[in-house]
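Just so you know, we're using the numbering used here here: the sequence shown kicks off at 18 and counts up by one.
The beta-carbon is built from N, C-alpha and C at its ideal position, and this holds for glycine as well.
In this text, all values refer to a predicted model and were calculated from it rather than measured experimentally.
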Amino acid sequence: MKHLLICLLFSYLIACSPGKQDTTSAWPTFGHDVTQNKFSALASINTTNVTQLREVWRYEDTTEGGGVYFNPVMMKNRVVGLMPSNKLVALNAITGKLLWEFFPDSSEIPNWSKGMTYHPGNPDRIFLISGGTLYAINAENGTVITNFGKNGRVDFYEGLEVPDSMRTRIPVSSNAPGVVYNNELFIVGCKVPDELPSTPGDIRAFNINTGKLEWVFHVIPKPGEFGADTWGDNARLRNGGANCWAGMALDEKRGIVFVPTASPSFDFYGADRPGQNLFANCILALNAKTGKRIWHFQTTHHDLWDRDNGSPPNLVTVTRDGKETDAVALVTKMGYLFLFDRETGNPLYDINEVPVDTVSKMPGEKPWPTQPVPVNPPFARQGYEEKFFGRSSEWIRAEIEKNKYKTGIYEPPSMEGSIILPTAHGGANWGGASVNPETNTLFVNATDIPWILKITDLKKIRAGNELNPEILFRTYCSSCHGADKKGTGLGPDLTTRAKNYKDEQLVSILQKGAPPMPSFRFLSGEQIAAIISYLKETVVQQSFETANIPENNEPYGFNGYSFYLDPEGHPAIDPPFGTLTAIDLNTGNIVWQVPLGEDPQFKKMGIPNSGMFNRGGSIATAGGLIFIGATGDNMFRAFDQKTGKALWEYQLPGMASSIPSTYAVDGKQYVVVSVNGKQENNFKGGYIAFAIP
Ligand code: HEC
18 MKHLLICLLF
28 SYLIACSPGK
38 QDTTSAWPTF
48 GHDVTQNKFS
58 ALASINTTNV
68 TQLREVWRYE
78 DTTEGGGVYF
88 NPVMMKNRVV
98 GLMPSNKLVA
108 LNAITGKLLW
118 EFFPDSSEIP
128 NWSKGMTYHP
138 GNPDRIFLIS
148 GGTLYAINAE
158 NGTVITNFGK
168 NGRVDFYEGL
178 EVPDSMRTRI
188 PVSSNAPGVV
198 YNNELFIVGC
208 KVPDELPSTP
218 GDIRAFNINT
228 GKLEWVFHVI
238 PKPGEFGADT
248 WGDNARLRNG
258 GANCWAGMAL
268 DEKRGIVFVP
278 TASPSFDFYG
288 ADRPGQNLFA
298 NCILALNAKT
308 GKRIWHFQTT
318 HHDLWDRDNG
328 SPPNLVTVTR
338 DGKETDAVAL
348 VTKMGYLFLF
358 DRETGNPLYD
368 INEVPVDTVS
378 KMPGEKPWPT
388 QPVPVNPPFA
398 RQGYEEKFFG
408 RSSEWIRAEI
418 EKNKYKTGIY
428 EPPSMEGSII
438 LPTAHGGANW
448 GGASVNPETN
458 TLFVNATDIP
468 WILKITDLKK
478 IRAGNELNPE
488 ILFRTYCSSC
498 HGADKKGTGL
508 GPDLTTRAKN
518 YKDEQLVSIL
528 QKGAPPMPSF
538 RFLSGEQIAA
548 IISYLKETVV
558 QQSFETANIP
568 ENNEPYGFNG
578 YSFYLDPEGH
588 PAIDPPFGTL
598 TAIDLNTGNI
608 VWQVPLGEDP
618 QFKKMGIPNS
628 GMFNRGGSIA
638 TAGGLIFIGA
648 TGDNMFRAFD
658 QKTGKALWEY
668 QLPGMASSIP
678 STYAVDGKQY
688 VVVSVNGKQE
698 NNFKGGYIAF
708 AIP
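Below you can see the structure in the form of structure tokens.
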């Protein structure tokens, strides 16, 4: 009892002394904290009362509109989040009223920023990367911290080997935040082009006060460095990628940062990068102080499928055979859960190197002969098998026969095309997994829709130089944005917001792409001008300044991130198209798996609980709940951690392709989530908060 009183007094002091915030009631940084478990110890909203949850405020800016993918932070009664226009806002956590705004120098639209790093100090600072700049922002008032870098800014190309002349051709930014180690270093990855030319996405550490670059880890080794022999000669000059765009976890006590890395560029053709390609597609354990490698594990060798490690790792402690081990868990696009001893990198569930097809029809391509597969059960369907497509099996069988599609999980891509499952959308994706450390259960959402993957011959496309705007749009854009430009489930309406973009903004969007939208750098200046005229319904300009349009001399591209659909336009596979899975970390076994999302069309067809393509992630609370949006039915749901039963759902005005947050003020618990704008619902994109009134 005495102990309890002291605790109460202590938490009162922390909660009430100005400038302090107890982290239990806060959502202190991206993913809640450096374990990336997205777990909150708050329990006043729980399985018994979640049905009473109501919307209490929403924040939008009616002058903007578009997507928001941001996991908001709540510290000191302020909710801080990014808006579709790329400005940062701080909101009163109780009322949602605007406190301050911060405008980055140049805005990247659409931005895919998933969160920010918040660091308590004097003053509390926010590290945000926008365009090619890293900002340190004062969390009290939204002004830059002028003694950080040059006037609060660090050139985000610092320490990367991109010549000035290549900057417009190789845009570098970051849509995932980093971590702060030892009150000293801001450790962060970056986003680099998936197509060539690109640059190695090295991992860097900056001093949190001065912005000085402190260390760089070469994700593509220099000649002589460990792993250089897993590439062709001078790989750093030719190849790129292997970047971290997922976010990272930090073991503060051991001083180890765990970094998941992406595939090498170009994603789908690797003849110019012969070998295993370390440290692409790895989980890296780096010494946080020095950036030196402690261990690594590669989850896809010589990636030809864009199987980035796109989920932040989770720091967990598992009990096996009566022994506790501090471990790092990684969920992957393949639908695998890998688990490693944090110190040694030894796998806690066995991993088999499974032989795969090594015959590629692409010139010079040498697929790696084996791929690692853990023995614990996958959480997504593996390979495109007949038993998965009962609903449209006749049509599918005939299609496969006619087009001679191959269907293996690790089938080397070809110009004829192959059907793959899981795809680069996942399995798991950037929402990652949440973990309840009290029950040692991991929760992961996954997509279960196949792709048709085809390599395209860019030389032919360039030589053809088609200039008819409508033909160009139908060829390259309508599969996702619809022939009427009004959007499909795969891409947004282009008749509203996009129509009002400046030409330069459109050129930039088309050049860069933003997965799932591919880059269209292979199109000529005239072709881009034609497409833009079609979007804006204006007269075709001669061309765009070709200086701004990076040339791409690459021989091959791909057909875009394209789902394999049946003649009705539905996924050519049986439901569920998306799932939520609970895994017991002590055994690796699946405790339950339920469909995530409900496609209204399928419901009408008498197929309920179809599950849906999902993008975004879950959080877990001590109240026994999982909160997740992420689905195209624009629902926000609470599930029971024990059973997977949906206990509450709320119709949002747009899709929540983001990770929610939860926090408490004066003992009252809130849940907040960022929601994409949606024209039909007259919502411009922003934040919606819930509480029990
Ligand atoms: C594989 C699907 C796909 C293809 C193909 C595709 N897009 Fe997109 N596009 C998307 C997605 C998804 C977004 C992201 C929307 C968001 O930010 O929420 C997008 C975003 C955009 C935007 C920004 C929209 C906004 O409101 O900010 C524009 C403009 C655009 N696409 C134009 C095009 C054009 C022109 C083409 C053809 C040259 C094309 N897209 C091809 C999927 C696709």
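Cβ-Cβ distances below 6 Å link S61 to Q686 in the same chain, with the five nearest sequence neighbours on each side left out; the list follows chain order. Taking a C-beta distance under 7 Å as the contact criterion, S627 and P592 qualify as a contact pair. S182 counts as exposed, since fewer than 16 other C-beta atoms from the protein chains shown sit within 10 angstroms of its C-beta. Counting only the Cα atoms, V196 lies some 10 Å from A305. When distances are taken from the beta-carbon of M534 to the heavy atoms of the ligand HEC, the shortest one is below 6 Å. Residue state for I220 is assigned as strand, using DSSP reduced to three classes. The shortest C-alpha to C-alpha distance from V179 to any of A193, E201, I162, T216 is the one to T216. Per DSSP, the unbroken alpha helix (DSSP H) holding R253 starts and ends at 252–255. Residue nearest to I472 within the set P395, D284, A297, N298 is D284 (criterion: CA-CA distance). Separation of R75 and Y573 (C-alpha to C-alpha, rounded to the nearest whole angstrom) is 45 Å.
DSSP places C261 outside both helix and strand once states are collapsed to three, so it counts as coil. From the listed residues G169, P395, L99, the smallest Cα separation to N224 is found for G169.
Under the rule that a run must span 4 or more residues, the alpha helix (DSSP H) segments found entirely inside the segment 478–560 read 486–493, 495–498, 520–529, 542–553.
By the neighbour-count criterion, in which 16 or more other beta carbons inside 10 Å mark a residue as buried, R491 falls on the exposed side. In the three-state reduction of the DSSP assignment, P391 falls in the strand class. Counting along the chain, Q668 sits inside the beta strand (DSSP E) bounded by residues 663–668. Here DSSP, grouped into helix, strand and coil, assigns N420 to helix. Spanning the alpha carbons of L254 and R290 requires a straight line of approximately 11 Å.
Taking C-beta atoms under 8 Å as the contact rule, T458 and V688 fail to qualify, at a distance of about 20 Å. Contact between the segment 596–615 and the segment 642–659 is present: three or more C-beta pairs spanning the two stretches fall below 8 Å.
With a 10 Å radius around the Cβ and a threshold of 16 neighbouring Cβ atoms, L115 comes out exposed. Counting along the chain, P277 sits inside no alpha helix (DSSP H); it lies in the beta strand (DSSP E) bounded by residues 273–277. With the rule of 3 Cβ pairs closer than 8 Å, the segment 429–441 counts as touching the segment 463–470. Taking 6 Å as the cut-off, the C-beta of Y353 does not count as close to any heavy atom of the ligand HEC. In the structure shown, P101 adopts coil according to DSSP, grouped into three states.
In the DSSP annotation of this structure, the continuous segment of the beta strand (DSSP E) that includes K685 starts and ends at 685–692. In this structure the segment 78–94 lies against the segment 37–52, because at least three pairs of beta carbons, one per stretch, are closer than 8 Å.
Fewer than three Cβ pairs drawn from the segment 527–543 and the segment 155–175 lie within less than 8 Å of each other, which leaves the two stretches out of contact. Residue pairing by DSSP places D172 opposite T150 in a beta bridge. Beta-bridge partners assigned by DSSP to S678: V689. Cβ neighbours of F406 within its own chain (closer than 7 Å, five residues either side excluded): I413, A589, I590, D591. Between the alpha carbons of N446 and Q53 lies a gap of roughly 14 Å. In this structure N393 is in contact with Y366, their Cβ atoms being roughly 4 Å apart against a cut-off of 8 Å. Contact check for I548 and P486: beta-carbon distance about 6 Å, within the 8 Å limit, so the pair qualifies. At least one heavy atom of the ligand HEC lies less than 6 Å from the C-beta of L507. The Cβ-Cβ distance between K131 and A193 falls below 7 Å.
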